[in-house]
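J.:
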Amino acid sequence: MDATKKSKFRRICVFCGSSSGKKRIFSDTALELGKELVDRRISLIYGGGSVGLMGIVSKTVYDGGCHVLGVIPKALMPNEICGKTFGEVKVVLDMHQRKAEMARQAEAFIALPGGYGTLEELLEMTTWVQLGIHNKPVGLLNVDGYYNPLLALFDKGVEEGFINPMARRIVVAAPTPRELMRKLEEFVPSQYDTRVPTWDRTPTTIYRR
Numbered sequence: 005m006d007a008t009k010k011s012k013f014r015r016i017c018v019f020c021g022s023s024s025g026k027k028r029i030f031s032d033t034a035l036e037l038g039k040e041l042v043d044r045r046i047s048l049i050y051g052g053g054s055v056g057l058m059g060i061v062s063k064t065v066y067d068g069g070c071h072v073l074g075v076i077p078k079a080l081m082p083n084e085i086c087g088k089t090f091g092e093v094k095v096v097l098d099m100h101q102r103k104a105e106m107a108r109q110a111e112a113f114i115a116l117p118g119g120y121g122t123l124e125e126l127l128e129m130t131t132w133v134q135l136g137i138h139n140k141p142v143g144l145l146n147v148d149g150y151y152n153p154l155l156a157l158f159d160k161g162v163e164e165g166f167i168n169p170m171a172r173r174i175v176v177a178a179p180t181p182r183e184l185m186r187k188l189e190e191f192v193p194s195q196y197d198t199r200v201p202t203w204d205r206t207p208t209t210i211y212r213r
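The following block contains the structure:
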C-alpha cells in the first residue's frame with residue numbers, strides 16, 4: 005500500500021505487553037507497527053503504559069505526529085508508567101472501564117505479543133464480535149510465530165466443535181504489520197450467525213419469584 009494513501013481507519017487500538025520480551029524482533033516489530041500507523045495517519049488507542057512494547061508503539065506514533073490516547077487504571081500507573089508518557093492519558097477506575105473505553109474509541113484492534121492481559125483483551129474483543137456487540141476487525145500480529153500455539157488452539161476448537169467455523173474467521177493474522185494492515189483494510193464483517201442477540205442498553209430488570 006502506498007504510504008500516502010489514506011486508511012479507512014482513523015483510530016486503531018493496539019494490545020501489547022508492558023514487557024519487551026526476550027527477542028529483539030518483538031521490539032523491532034512494535035516500532036514497525038508504529039511507523040505503519042503513522043504512514044497511514046492512524047491514531048493510536050492503547051493501554052497507557054510507557055514501558056515495554058506499549059512504550060515503543062506509543063512513542064513512535066506520537067513522534068510521527070499522530071494522536072495517541074492511553075487508557076490506564078489508576079492502580080496500574082506505578083507499574084506501567086515510567087518516565088515520560090506520550091500523547092493523551094485517560095485514567096479510569098478499573099480494567100473493565102479500560103477495555104470498554106478502548107473498544108469504544110477504536111475502529112479496529114491489533115494484538116502484538118504479550119502476556120495474560122494482552123490475551124484477555126484480544127479474546128474479549130473477539131468474543132464481542134461473535135456475540136454481535138461490535139463488528140470491528142481484530143488482527144493478530146504473529147511475530148516470529150509467537151501466536152502459532154494460539155492459532156492452533158482456535159483450529160482445535162473448530163475441530164472439536166467448540167468454535168463455530170465461521171467464527172474462526174473473526175481473527176485475522178499476519179507476521180508483519182504491513183501485511184496485517186492490508187488484511188484489516190480488506191476485512192469485510194460477515195454475519196456468520198444470524199442468531200446473535202440484540203444488545204439492549206436499558207437497565208436490567210430483576211425478576212424475583
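If you read the sequence shown in the working numbering, its first letter stands for residue 5, the second for the next number, and so on.
Each residue gets a CB set at the ideal place from its N, CA and C atoms; glycine is no exception.
1. Assuming residue 19 contacts residue 122 (C-beta within less than 8 Å), just tell me the rounded distance between them.
2. Compute the Euclidean distance between the alpha carbons of residue 136 and residue 109, then round it to the nearest angstrom.
3. Sorted by chain position, which residues of the same chain lie with C-beta nearer than 8 Å to residue 29's C-beta, five sequence neighbours on each side aside?
4. For residue 37 and residue 116, which I take to be in contact (beta-carbon distance under 8 Å), what is that distance rounded to the nearest angstrom?
5. Express the C-alpha separation of residue 173 and residue 66 in angstroms, rounding to a whole number.
6. Going along the chain, which residues of its own chain have a beta-carbon closer than 8 Å to the beta-carbon of residue 50, five neighbours each way excluded?
7. Would you list, in sequence order, the uninterrupted alpha helix (DSSP H) runs of no fewer than 4 residues that lie entirely inside the region 50 to 75?
8. Please identify the residue among 44, 177, 47 and 43 whose C-alpha is closest to the C-alpha of residue 153.
9. Just list the residues that DSSP pairs residue 115 with in beta bridges.
10. Locate the alpha helix (DSSP H) running through residue 192, then write down its first and last residues.
11. Mind checking residue 192: buried by the 16 CB within 10 Å criterion, or exposed?
12. Hey, residue 77 and residue 102 are a contact pair by Cβ (cut 8 Å); roughly how many whole angstroms apart?
13. Can you tell which of 13, 56, 175 and 53 has the C-alpha that lies nearest to the C-alpha of residue 127?
14. In this structure, does DSSP put residue 164 in helix, strand or coil?
15. Note down, in chain order, each residue of its chain lying with its Cβ closer than 6 Å to the Cβ of residue 113, except the 5 sequence neighbours on either side.
16. Our contact map puts residue 3 next to residue 42 with C-beta atoms below 8 Å; I'd like the distance itself, whole angstroms only.
T.: In terms of the structure at hand:
1. Confirmed, Cβ separation roughly 5 Å.
2. About 17 Å.
3. So the list reads 147 and 148, once near-sequence residues are dropped.
4. Contact flag correct, Cβ pair sits at about 7 Å.
5. Those two C-alpha atoms are separated by around 32 Å.
6. Once the five neighbours on either side are set aside, the close Cβ partners of residue 50 are 17, 18, 19, 20, 58, 61, 62, 72, 73, 74, 75 and 106.
7. Within the region 50 to 75, the complete alpha helix (DSSP H) runs of at least 4 residues fall at 56 to 67.
8. Checked all of 44, 177, 47 and 43; the closest Cα to residue 153 is 177.
9. Paired residue(s): 19 and 144.
10. Taken as a continuous stretch (DSSP letters only), residue 192 belongs to no alpha helix (DSSP H), as it is neither H nor E.
11. When all chains shown are included, residue 192 counts as exposed.
12. About 6 Å separates the two Cβ atoms, so the contact holds.
13. Minimum Cα distance to residue 127 is reached at 175.
14. In this structure, residue 164 counts as coil in the three-state DSSP scheme.
15. Taking C-beta separations shorter than 6 Å and ignoring five residues to either side along the sequence, the partners of residue 113 in its chain run 17, 129 and 142, following chain order.
16. This structure leaves residue 3 out entirely; the chain is present only between 5 and 213.
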